[in-house]
């Protein structure tokens, strides 16, 4: 039971970490695209 409850309790933290990582990657991609556009101009 403890393992199941631990797994269920870890799901929200994993989802939060996943969203945080995805948002960070998106921010880096947006910054890189903006820098590329500025360099092209």
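Numbering (the numbering used here), first residue to last: 2 to 42.
Ideal Cβ placement from N, Cα and C applies to all residues, glycine included.
Identify whether residue i lies in helix, strand or coil by the three-state DSSP scheme.
{"i": "residue 36", "result": "helix"}
May I have the straight-line CA-CA distance separating residue i from residue j, to the nearest angstrom?
{"i": "residue 11", "j": "residue 20", "result": "14 Å"}
{"i": "residue 29", "j": "residue 35", "result": "10 Å"}
{"i": "residue 26", "j": "residue 6", "result": "31 Å"}
{"i": "residue 17", "j": "residue 38", "result": "32 Å"}
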